[in-house]
Amino acid sequence: MSQNDKISMVTGVGWNKGPCVGNTAAISSVNYPELCLQDGPLGVRYGTGTTAFTPGIQAASTWDTDLMRQRGAYMGAEAKGCGVHVLLGPVGGPLGKHAAGGRNWEGFGPDPYLTGIAMAETVEGMQSSGVQACAKHFIGNEQELDRETMSSNMDDRTMHELYLWPFADAVHANVASVMCSYNKLNSTWACENDKLMDGLLKQELGFQGYVMSDWNAQHTTNGAANGGMDMTMPGSDYSGKTILWGPQLNSAVNNGQVSKARLDDMAKRILAAWYLAGQNSGYPGINIKANVQGNHKENVRAVARDGIVLLKNSGILPLKKPGKLAVIGSAAVANPQGANACTDRGCNTGALGMGWGSGTANYPYFTAPYDALKTRAQSDGTTISLASSDSTGGVSSAASGADAALVFITADSGEGYITVEGVAGDRNNLDPWHSGNQLVQAVAGANKNTIVVVHSVGPVILETILALPGVQAVVWAGLPSQESGNALVDILYGATAPSGKLPYTIAKAPGDYGTSPTRGDDSYPEGLFIDYRHFDKAGIAPRYEFGFGLSYTNFTYASISVASTATSGPATGSVVPGGRQDLFDTVATVTCAVTNAGGVAGAEVPQLYISLPSSAPSAPPKQLRGFAKLSLAPGASGTATFNLRRKDLSYWDVRTQNWIVPSGSFGVSVGASSRDIRLTGTITVS
Ligand SMILES: OC[C@H]1O[C@@H](O[C@H]2[C@H](O)[C@@H](O)[C@H](O[C@H]3[C@H](O)[C@@H](O)[C@H](O)O[C@@H]3CO)O[C@@H]2CO)[C@H](O)[C@@H](O)[C@@H]1O
1 MSQNDKISMV TGVGWNKGPC VGNTAAISSV NYPELCLQDG PLGVRYGTGT TAFTPGIQAA
61 STWDTDLMRQ RGAYMGAEAK GCGVHVLLGP VGGPLGKHAA GGRNWEGFGP DPYLTGIAMA
121 ETVEGMQSSG VQACAKHFIG NEQELDRETM SSNMDDRTMH ELYLWPFADA VHANVASVMC
181 SYNKLNSTWA CENDKLMDGL LKQELGFQGY VMSDWNAQHT TNGAANGGMD MTMPGSDYSG
241 KTILWGPQLN SAVNNGQVSK ARLDDMAKRI LAAWYLAGQN SGYPGINIKA NVQGNHKENV
301 RAVARDGIVL LKNSGILPLK KPGKLAVIGS AAVANPQGAN ACTDRGCNTG ALGMGWGSGT
361 ANYPYFTAPY DALKTRAQSD GTTISLASSD STGGVSSAAS GADAALVFIT ADSGEGYITV
421 EGVAGDRNNL DPWHSGNQLV QAVAGANKNT IVVVHSVGPV ILETILALPG VQAVVWAGLP
481 SQESGNALVD ILYGATAPSG KLPYTIAKAP GDYGTSPTRG DDSYPEGLFI DYRHFDKAGI
541 APRYEFGFGL SYTNFTYASI SVASTATSGP ATGSVVPGGR QDLFDTVATV TCAVTNAGGV
601 AGAEVPQLYI SLPSSAPSAP PKQLRGFAKL SLAPGASGTA TFNLRRKDLS YWDVRTQNWI
661 VPSGSFGVSV GASSRDIRLT GTITVS
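Using UniProt numbering, the first residue of the sequence shown is number 1, and each one after it goes up by one.
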C-alpha cells in the first residue's frame with residue numbers, strides 16, 4: 001500500500017459524504033472496499049427493513065446470556081445484510097455513574113461485571129455474524145452535560161475496577177474496534193490520550209484492533225496519531241470545514257511529526273479487524289434500506305418480556321380475564337404522528353420503547369401496549385376502555401368501575417444533541433414525565449385495583465406512587481422497543497412469569513445515589529462507590545435494590561458448595577486480549593441448588609457477590625461476580641454454577657500496577673438480589 005492508501009484507510013471521507021454515518025474510501029490496489037460504519041448499539045440506524053432491537057439496558061435486565069448473545073448475532077446478521085462493515089456498539093461507557101445519565105440506557109447498567117459479561121456476549125454474537133463490533137465510548141463519558149469540554153479525572157483503581165473492566169471483557173472477546181469518547185480523561189482528550197489508548201488499551205489489555213474517534217471528537221492531527229488513535233471519524237466536523245487527518249496527516253508523516261511506523265500500525269490494525277471478521281471475501285454491498293429482519297422480532301419479544309421486572313404485586317397479577325379493564329395514559333398508545341415521527345426518537349410522545357440519539361433505530365412496526373391489550377381483551381371477552389391522555393381531568397370516570405386500571409408512565413433521556421421537553425440529554429430529575437405521579441394518584445384514587453406500568457430509561461423515584469393504597473402492582477417494563485405490547489401482555493396475563501431483575505438500584509430519593517451530572521470537570525470523588533456499592537457502604541436502604549425482581553412463583557436456595565484453587569499474589573503470564581493470561585483462568589467454582597417452590601413455571605437469577613478479605617485495601621462490601629438464569633418447572637430444582645476467574649477475586653494494586661488476589665477469607669454470598677442473600681460461604685486463599 002502506498003502512503004496515500006494508508007492515509008485514506010485511516011481517514012473518514014467527511015460528514016454526510018457517504019452512504020453510512022461513517023465511511024472510508026475504497027483502496028483498489030488491495031481490493032479493500034469503501035468501509036461502512038453505522039450505528040448502533042440496538043441495530044442498524046436509519047434502516048427501513050431492519051429490526052429495532054431492545055436497548056442494552058433491557059438486555060441487561062434479563063440477566064440471560066443466551067438472549068444477549070442471540071441479540072448480538074441477529075444485530076450482526078442484519079448489519080452484514082445491509083453491507084455495514086462496522087456496527088457501532090455495544091456501549092460500555094457510560095457505565096452509569098449517574099442515575100440520570102442521558103445515554104445509560106444504551107449500555108448495560110452501572111455494575112462492571114454485568115456490563116462486562118453483556119459486552120462480551122454481544123461482541124461475540126455480532127462478530128460471529130461477520131460484522132465488526134465497536135466497543136464505545138472509551139472512556140469517562142458518563143454524562144451528556146459538557147461532554148465535549150469536561151475532563152473526567154479518576155484514580156487508577158477506579159479506572160481499572162469500574163470503568164475499564166467492561167472494555168477488558170470486550171477486548172477479551174476480540175472486539176474489532178473501540179471508539180474514543182468526547183471528554184478529556186485526566187485532563188487529556190480521550191482521543192489523544194497516550195496513557196489511555198496506548199498504555200491501558202493496547203499494552204495492558206493487549207488490544208489488537210483499532211481505535212476510531214467519536215464523531216468529531218478529535219482535536220489535533222499529531223496528538224491523536226501519536227496518542228494511539230487509528231481512524232478519524234467522520235473525517236470532517238459537522239460543517240465540513242475542519243479536517244484533521246487526510247492531507248494534514250500526510251504532511252505530518254512527511255515531516256516526521258508522526259512516524260511512518262505509526263501510520264503502518266494504524267493501517268495494520270484496521271486491516272487485521274477486516275480480516276478477523278472475514279470481510280475480505282463475499283461481503284454484501286452497502287444497502288442500509290435492505291430488508292433483513294428475518295425472525296429477529298422473536299429475540300426482541302423475548303428480551304422485552306424477560307427484561308420486565310415485577311416490583312410490587314399484591315396478588316392482582318397475573319390478570320385472570322377481567323370483566324372490565326381501563327387503560328390510562330398517553331404512553332399506552334403509539335405516538336399519534338407515527339412511531340418514527342421524531343428524528344432519532346427525539347421526543348417522548350406516546351409509548352416509550354427506547355431513548356433518543358444516535359443509538360436508536362427506526363421501528364419497522366411498533367406494537368403499543370394498548371394494541372396488544374385490546375387484542376387480548378377481545379379474545380377474553382373483556383370490555384376494555386382507553387383514556388390516552390395524561391390529564392387528570394377525566395381520569396376518575398375512566399378508571400372507576402373497572403376490575404383493574406392499568407396506568408402507563410414514562411421517563412426518557414438521550415444524547416445531548418437533541419433536547420426534549422427541556423431535557424438536554426441527562427435527565428433533570430428522577431421523576432416520571434408528564435406529571436406521572438399525579439396521573440397515578442388520580443387513577444388509584446378512583447380504582448383500588450390500579451396497576452402501574454413504567455417504561456423508563458433508568459431509575460425513577462416511586463415513593464409517591466407506592467404510598468397510594470390503590471396501587472396493587474408496579475410493573476417495570478423498561479425499554480421494550482418494537483414488541484412493547486406483546487411482551488407486556490405475556491407478563492400481565494401470566495403466559496410467562498416475570499424473570500427480570502433490576503440492573504440498577506431504585507432509590508427512595510435522588511440524593512441517595514450520591515452522584516449527579518455537574519458542570520465542568522469531574523474529579524470522581526465517589527471512586528468505586530456507585531450504585532449499590534455506594535448504598536451498601538453508606539448504609540442507605542434503597543427502595544428496590546440492584547438485582548431485585550419478583551416472580552409469580554418463588555424459589556428456594558440450598559446446598560452451597562465452594563471449591564477453590566486460588567492462590568494469593570499478582571496476575572502473571574503473557575498479555576492476551578483482555579489482559580494477563582491467568583486473569584481469565586477459573587480459580588474457584590461455587591454451586592448451589594435452586595428449587596421452584598411455587599405453583600407455576602418460572603425463571604430465577606441467582607446472583608453471586610464476593611467480599612474481599614480484610615488484607616485487601618478498602619473495597620465495596622459486596623461485588624457481583626457471577627449470575628445464572630435457571631428456568632424451572634413447578635417443583636423442579638436446578639444447579640447454579642458460578643465459575644470465578646482469577647480477576648473476579650482480584651483488586652487493582654496501584655503500586656505494582658497489577659491485579660492481586662489478596663490472602664485471607666473471601667465472603668461468598670448467593671442470593672436473589674444484592675440484598676436478599678440466601679446462602680453464604682467462604683473462599684480461603686493462603
Ligand atoms: O453516529 C456516529 C457516532 O456519533 C455520535 O453522535 C452523533 C450523531 O451520530 C449525529 O447524528 C449528531 O449530529 C448532529 C450534530 O451533533 C449537530 O451539531 C447537528 O446540528 O445536527 C446533527 C444531527 O443531524 O451528532 C452526534 C454527536 O454530537 C455518537 O456519540 C456516537 O455514539 C455515534 O456512534
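We treat Cβ as the ideally placed atom computed from N, Cα and C, and that holds for glycine.
Relative to ligand 1, is the shortest distance from any of its heavy atoms to the C-beta of residue i smaller than 8 Å?
i: D426; result: no
i: N183; result: no
i: M233; result: yes
i: N216; result: yes
i: H85; result: no
i: E415; result: yes
i: residue 691; result: Within the shown structure, residues of the chain are numbered from 1 to 686, placing residue 691 beyond reach of any answer.
i: M1; result: no
i: H137; result: yes
i: R345; result: no
i: residue 734; result: Outside the shown range of the chain, which is 1 to 686, sits residue 734, and nothing can be said about it.
i: R262; result: no
i: S358; result: yes
i: M179; result: yes
i: R625; result: no
By a C-beta neighbour count over all protein chains shown, 10 Å radius and 16 as the cutoff for buried, is residue i buried or exposed?
i: T149; result: exposed
i: T567; result: exposed
i: S314; result: exposed
i: K321; result: exposed
i: Q657; result: exposed
i: N428; result: exposed
i: K260; result: exposed
i: Q143; result: buried
i: R625; result: buried
i: G674; result: Note on identity: in this sequence residue 674 is Ser, with Gly being the wrong assignment. Its Cβ being crowded by 16 or more others within 10 Å, S674 is buried.
i: P459; result: buried
For residue i, does the three-state DSSP call read helix, strand or coil?
i: N658; result: strand
i: E604; result: strand
i: M231; result: strand
i: W652; result: strand
i: A563; result: strand
i: V84; result: coil
i: D390; result: coil
i: L200; result: helix
i: F584; result: helix
i: Y370; result: helix
i: Y417; result: coil
i: D156; result: helix
i: V471; result: strand
i: Y275; result: helix
i: D306; result: helix
i: K537; result: helix
Can you tell me which of the options puts its alpha carbon nearest to the alpha carbon of residue i?
i: N226; options: G199, W215, Q657; result: G199
i: I139; options: S181, R103, N437, Q218; result: S181
i: V562; options: A446, L439, L679, A497; result: L679
i: K202; options: D214, I610, R580; result: R580
i: Q208; options: L271, R147, W215, S187; result: L271
i: A377; options: V423, P336, L325; result: L325
i: S396; options: M354, H434, Q441; result: Q441
i: G350; options: E463, A331, L608; result: A331
i: P55; options: H455, V661, P112; result: H455
i: F642; options: S631, T586, S674; result: T586
i: P110; options: G294, R533, K268, A133; result: R533
i: T597; options: L185, S631, R157, G116; result: Checking the displayed sequence, the identity of residue 597 turns out to be Ala instead of Thr. Closest by alpha carbon: S631.
Answer yes or no: the CB of residue i versus the heavy atoms of ligand 2, is any distance below 8 Å?
i: R69; result: Ligands present in the displayed structure are limited to ligand 1, and ligand 2 is not among them.
Quick check: the region 63-78 against the region 120-130, are there 3 or more CB pairs under 8 Å? With a cut-off of 8 Å, the region 120-130 and the region 63-78 count as touching, because enough Cβ pairs lie within range.
Are three or more beta carbon pairs between the region 232-242 and the region 253-270 nearer than 8 Å? No, the region 232-242 does not touch the region 253-270.
Segment contact, 8 Å Cβ cut-off, at least three pairs: the region 409-417 with the region 480-498: Not touching, per the Cβ criterion.
Pairs of beta-carbons, one from the region 38-51 and one from the region 288-295, closer than 8 Å: are there three or more? Result yes; three or more Cβ-Cβ pairs closer than 8 Å.
Contact between the region 296-306 and the region 369-385 (3+ Cβ pairs under 8 Å): No, the region 296-306 is not in contact with the region 369-385.
So, does the region 599-617 touch the region 492-501, judging by three or more C-beta pairs under 8 Å? Contact holds: three or more Cβ-Cβ distances are below 8 Å.
Report yes or no: do the region 516-530 and the region 87-104 share at least 3 C-beta pairs separated by less than 8 Å? With the cut-off at 8 Å, the region 516-530 and the region 87-104 touch.
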